[in-house]
Structure formats: C-alpha cells, structure tokens
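**Student:** First the structure, then my questions, so here it is.
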C-alpha cells in the first residue's frame, strides 16, 4: 500500500510540475498606455469676423420703394477644426403698418395714401402682410442659389432651410442676398400699391453649420396648407386648412363639406391654364368638411419646375378645377374659384 501511495504522489507531482511548466515557461512583456483622453471635435462658424453674430441689416433695408433692390453681403468663416456644411433660412417674425387714423391724426408708420386705399365703405382696414410681395435672391460667391428669374418670394421660403455649401477648415464663404419690393414689372408676382407705405416686416436670418456626413438641420415633417385672401395673400383666420405629413404622404384637413378635392404639386411658372401640375392624391370631404387623402409625393421639386432646386408648391384644389386623373400624372388646372384652394405656407423639398 505504501508503494502505491508513493507512486500516486509521484504521478500527481509530475503532472503539477508539467502544468506549471506550460503556464510560466514562455517569455513575455507587458506594456500600458496611460492618460488617454477622448476629445470631441469642434464645429464653429463666424460671420464677418463676429462669433457670436449679432449684426442687424435694418439700415440696408429701409425706405424701399416698389421695383427697388436692396442687397447686403456677409462672409462666413470656419475657425473650427473640421470642414462644415452650411445652411441658411429666413424666419418672418411679423409685419406691422400701424393703424392710421387720418385725417384726425397720421401715425409715423402710415400715410395719407395708405389710409385712403384702405377705406372700405368708409371704414379703414389695415393691411401690412409684406412677404408675398418681396422677391428674394441668394448667391454664394458668383453662384446663384436662388436666381432672380425664379421669382422666389419671402413667403415661399419662410422658415425653409437652404443649403449653401461646404467650408473647409480655415476657409470662408461669401454670401450675397437681395430683397426686391415687387412692382407691376414683376408679374405674375403681385405688386405692392399704396397700402404698403410705411409698413415693416421683421425677420431673423439664421445660419446652421454641421459636420460633413451629417443629415442637416432638423426639418419639420409637416406642411400646412391654408385658405388665403386672394387680395392680400394672407392666411384667412378661421378659413379652411389642412396638414400634409411628408414622411407618410397623409393629408388631413377641414374644407368645404361634401366636396371632392385633389392634392397637386404645382410647378411654376404660373399660368391661368397651367398644364404641368402633378396629381398626388384624391379624396372627398364628409358632411362636416373633414377630409383625409393618402398622397404619393414622389420627388419634389422636379427639374422642370422654375423653383428647382429650392422646393415645390403643394395645393389642394376642388376636383372640378383639375382634370388629371392618374396619380403621378399631369393635368390642366383652371384658375376658377381659387378662393376655395388651399395653398402651401412654404415650399417643400422631398428627395
């Protein structure tokens, strides 16, 4: 028994020695990198050397008369560590023209001709909504982003981000924009008349910079369509309206009861017998005026749209006004009873 026990102990000892030999017999070395720091990159822009940018351009845009152009230029630089993509938008805060009480008193913001034009049945009605009457041009260097011939109005791009281009690290971009108060020479854009004397439009200019590879500024997924006063082109308070969700193509609104409507993509240029509009969807309102349309948007704007590549116009019109019947196909739009149309509040861009 003792010999067997000794033999077992000997075998176990040899196995342990072999295991130890395999574990510790290789040459080795250990190195360690210490003090590592993860640092996020910087994205930054400056305008005319100012960061933050607080300059206003009211002086350049004062005392503008019909057919006059007012323009200004600023330079965007990239003092950050990385190349950036840049967008720009205009956001209208509001319009004002005062409330003339002529002939008893004429406030500074009004005039006798404005008062006289605003009289309806002996009662003065204030009118000061300027965005549909101001044409907008935009250049980066000598390259037109919004060209004069496109006749883009401020109300077309209100709140709408426009891509300007890229700026490399340490680089710059010269941005020139002009504002043109419409006259009869700018038809079919409506011309201002005496109602606009002394009126003002307050707006912000916003710039957005993002790293390359980003998706751009957050874009609202809905578009409001509203019934508008065809004299002032201002949305009618309490009028028919609806909302189009761009990602789903679903339109929901309140319109004239028990009426069939067509949602269309209206391609400029404007014409009384327009033949280039595209049918997006059809639906009928119920007895209370509620309507839902499932639309197929496709790519907007198309290259044959005068507003390309900025965006396109979406309208809701009574079916009797548009003879297109195939979704995605074109038809002729008649300019009859446009008071029942719903017009877009700004252009849209659907890739």
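In the numbering used here, the protein residues as written are 37 to 387.
Where a beta carbon is used, it is the ideal one built from N, C-alpha and C, also for glycine.
1) What number of angstroms, rounded off, separates the C-alpha of residue 286 from the C-alpha of residue 329?
2) Looking only at its chain, what residues have a beta carbon closer than 6 angstroms to the beta carbon of residue 390, apart from the 5 residues adjacent to it on each side?
3) With DSSP run on the structure shown, which of helix, strand or coil describes residue 169?
4) What are the boundary residues of the beta strand (DSSP E) that includes residue 27?
5) Could you round the C-beta distance between residue 300 and residue 198 to whole angstroms and report it? I think they count as a contact, below 8 angstroms.
6) State the DSSP-derived secondary structure class of residue 153, mapped to helix, strand or coil.
7) For residue 203, count neighbouring Cβ atoms within 10 angstroms of its own Cβ and tell me buried if that reaches 16, exposed if not.
8) Please determine whether the Cβ atom of residue 110 lies at a distance below 7 angstroms from any heavy atom of the ligand NAD.
9) Assuming contact is defined by CB atoms lying nearer than 8 angstroms, are residue 100 and residue 200 in contact in what I supplied?
10) So, residue 210 versus residue 109, is the Cβ gap smaller than 8 angstroms?
11) Excluding sequence positions up to five away, which residues of its chain have a Cβ less than 8 angstroms from the Cβ of residue 322?
12) Mapping DSSP to helix, strand and coil, what is residue 306?
13) Checking the sheet assignment: what are the DSSP bridge partners for residue 258?
14) Can you tell me whether residue 85 is buried or exposed? The criterion is at least 16 other CB atoms within 10 Å of its CB, across all chains shown.
15) So, under 8 angstroms CB-CB, residue 149 and residue 230 are touching, yes? Tell me the CB distance rounded to an integer number of Å.
16) Helix, strand or coil for residue 231 per DSSP?
17) Give me the Cα-Cα distance between residue 6 and residue 132, rounded to the nearest whole angstrom.
18) Would you check if the distance between the CB atom of residue 283 and the CB atom of residue 262 is smaller than 8 angstroms?
19) From the DSSP output, in three-state form, read off residue 185 for me.
20) Are residue 383 and residue 334 close, meaning C-beta to C-beta below 8 angstroms?
21) Under 7 angstroms Cβ to Cβ from residue 338, same chain only, skipping five residues before and after it: list those, please.
22) Is residue 107 helix, strand or coil when you go by DSSP?
23) Under the three-state reduction of DSSP, which class applies to residue 80: helix, strand or coil?
24) Give me the Cβ distance between residue 266 and residue 374, rounded to the nearest whole Å; I'm assuming they're in contact under 8 angstroms.
25) By the three-class DSSP mapping on this structure, what secondary structure does residue 238 have?
26) Have a look at residue 145 and residue 234 and give me their C-alpha separation to the nearest angstrom.
27) Among the residues of its own chain, which have a CB less than 7 angstroms from the CB of residue 359, if the five just before and after it don't count?
28) In angstroms, rounded to a whole number, what distance separates the CA positions of residue 194 and residue 167?
29) Alpha carbon to alpha carbon, how far is residue 320 from residue 213?
30) Here's the rule: buried if 16 or more other CB atoms are within 10 angstroms of the residue's CB, otherwise exposed. What is residue 186?
31) Residue 313: buried (16+ other C-beta within 10 angstroms of its C-beta) or exposed?
32) Using 8 angstroms for Cβ pairs, my map puts residue 315 next to residue 298. What's the rounded Cβ distance?
33) Any idea what DSSP makes of residue 351, helix, strand or coil?
34) Which two residues bound the contiguous beta strand (DSSP E) that contains residue 198?
35) Using DSSP's beta-bridge definition, name the partner residues of residue 123.
36) Between the C-alpha atoms of residue 27 and residue 241, what's the straight-line distance to the nearest angstrom?
**Tutor:** Reading off the structure:
1) The count along the chain shown starts at 1 and reaches residue 286 at position 250. The count along the chain shown starts at 1 and reaches residue 329 at position 293. Approximately 6 angstroms between the Cα atoms of the pair.
2) A query on residue 390 cannot be resolved here, the shown segment of the chain reaching from 37 to 387 and no further.
3) As a position in the chain shown, residue 169 is number 133, starting the count at 1. For residue 169, the three-state secondary structure derived from DSSP is helix.
4) Because the chain in this structure spans residues 37 to 387, residue 27 falls outside the shown range and cannot be described.
5) Position 264 of the chain shown holds residue 300. Position 162 of the chain shown holds residue 198. Between residue 198 and residue 300 the Cβ distance is about 24 angstroms, and since that is not below 8 angstroms, they are no contact.
6) Counting from one through the chain shown, the residue named residue 153 turns up at place 117. Helix, per DSSP.
7) As a first step, residue 203 must be located in the chain shown, where it is residue number 167. That one is buried.
8) Looking at this structure, you won't find the ligand NAD or any other ligand, since it has none at all.
9) Here residue 100 refers to the residue found at position 64 when the chain shown is read from its first residue. Here residue 200 refers to the residue found at position 164 when the chain shown is read from its first residue. For residue 100 and residue 200, no; Cβs fall outside 8 angstroms.
10) Numbered from its first residue, the chain shown carries residue 210 at position 174. Numbered from its first residue, the chain shown carries residue 109 at position 73. Cβ distance < 8 angstroms, so residue 210 and residue 109 count as in contact.
11) Position 286 of the chain shown, counted from the start, is the residue given in the question as residue 322. Spatial neighbours of residue 322 in its own chain (CB-CB distance under 8 angstroms, excluding positions within 5 residues in sequence) are listed in chain order as 293 and 294.
12) If you number the chain shown from 1, residue 306 lands on position 270. In the three-state scheme derived from DSSP, where H, G and I count as helix and E and B as strand, residue 306 is classed as coil.
13) What you label residue 258 is simply residue 222 of the chain shown in a count that begins at 1. Per DSSP, 281.
14) The sequence position of residue 85 within the chain shown is 49, counting from 1. Using a 10 angstroms sphere on the CB of residue 85, the tally of other CB atoms stays under 16, which defines it as exposed.
15) In the chain shown, residue 149 corresponds to position 113, counting from 1. In the chain shown, residue 230 corresponds to position 194, counting from 1. Approximately 4 angstroms separates the beta-carbon atoms of residue 149 and residue 230; this is inside 8 angstroms, confirming the contact.
16) Locating residue 231 in the chain shown gives position 195, counting from the first residue. Assignment of residue 231 by DSSP, reduced to helix, strand and coil, places it in the helix class.
17) Residue coverage of the chain in this structure runs from 37 to 387, which leaves residue 6 outside it and unanswerable.
18) Taking the first residue of the chain shown as position 1, residue 283 is located at position 247. Taking the first residue of the chain shown as position 1, residue 262 is located at position 226. Not in contact: residue 283 and residue 262 (Cβ atoms no closer than 8 angstroms).
19) Stepping through the chain shown from its first residue, residue 185 is reached at position 149. Helix at residue 185.
20) For the purposes of this step, residue 383 is taken as residue 347 along the chain shown, with counting starting at 1. For the purposes of this step, residue 334 is taken as residue 298 along the chain shown, with counting starting at 1. No. Outside cutoff.
21) Position 302 of the chain shown, counted from the start, is the residue given in the question as residue 338. The answer, listed in chain order, is 303 and 344.
22) As a working note, residue 107 is residue 71 in the chain shown. Three-state DSSP puts residue 107 in a strand.
23) Against the chain shown, residue 80 aligns to sequence position 44. Coil, per DSSP.
24) Taking the first residue of the chain shown as 1, we reach residue 266 at position 230. Taking the first residue of the chain shown as 1, we reach residue 374 at position 338. Residue 374 and residue 266 do touch by the CB rule: their CB atoms are close to 6 angstroms apart, below 8 angstroms.
25) As a working note, residue 238 is residue 202 in the chain shown. Per DSSP, reduced to three states, the secondary structure at residue 238 is strand.
26) The count along the chain shown starts at 1 and reaches residue 145 at position 109. The count along the chain shown starts at 1 and reaches residue 234 at position 198. At residue 145, the pLDDT of 46 sits below 50, so the modelled position is not reliable; the number obtained from the coordinates is stated separately. The straight-line gap from Cα to Cα measures roughly 5 angstroms.
27) What you label residue 359 is simply residue 323 of the chain shown in a count that begins at 1. Cβ neighbours of residue 359 beyond the five flanking positions: 367 and 368.
28) Position 158 of the chain shown, counting from 1, holds the residue named residue 194. Position 131 of the chain shown, counting from 1, holds the residue named residue 167. C-alpha separation (whole angstroms): 8 angstroms.
29) To locate residue 320, count along the chain shown from 1; it is residue 284. To locate residue 213, count along the chain shown from 1; it is residue 177. For residue 320 and residue 213, the distance between alpha carbons rounds to 43 angstroms.
30) For the purposes of this step, residue 186 is taken as the residue at position 150 of the chain shown. Buried, because 16 or more other Cβ atoms sit within 10 Å of the Cβ of residue 186.
31) Start at 1 with the first residue of the chain shown, and residue 313 comes out as number 277. Buried, by the Cβ-count rule.
32) Along the chain shown, one-based indexing puts residue 315 at 279. Along the chain shown, one-based indexing puts residue 298 at 262. Right, their Cβ atoms sit about 6 angstroms apart.
33) For the purposes of this step, residue 351 is identified with residue 315 of the chain shown, where counting begins at 1. Looking at residue 351 - three-state DSSP - the assignment turns out to be strand.
34) Sequence index remark: in the chain shown, residue 198 carries index 162 (1-based). Residue 198: member of the beta strand (DSSP E) spanning 198-203, first to last residue.
35) For this step, residue 123 is matched to residue 87 along the chain shown. According to DSSP, residue pairing for residue 123 in a beta bridge involves 199 and 244.
36) A question about residue 27 goes unanswered here, because the residues of the chain that appear run from 37 up to 387.
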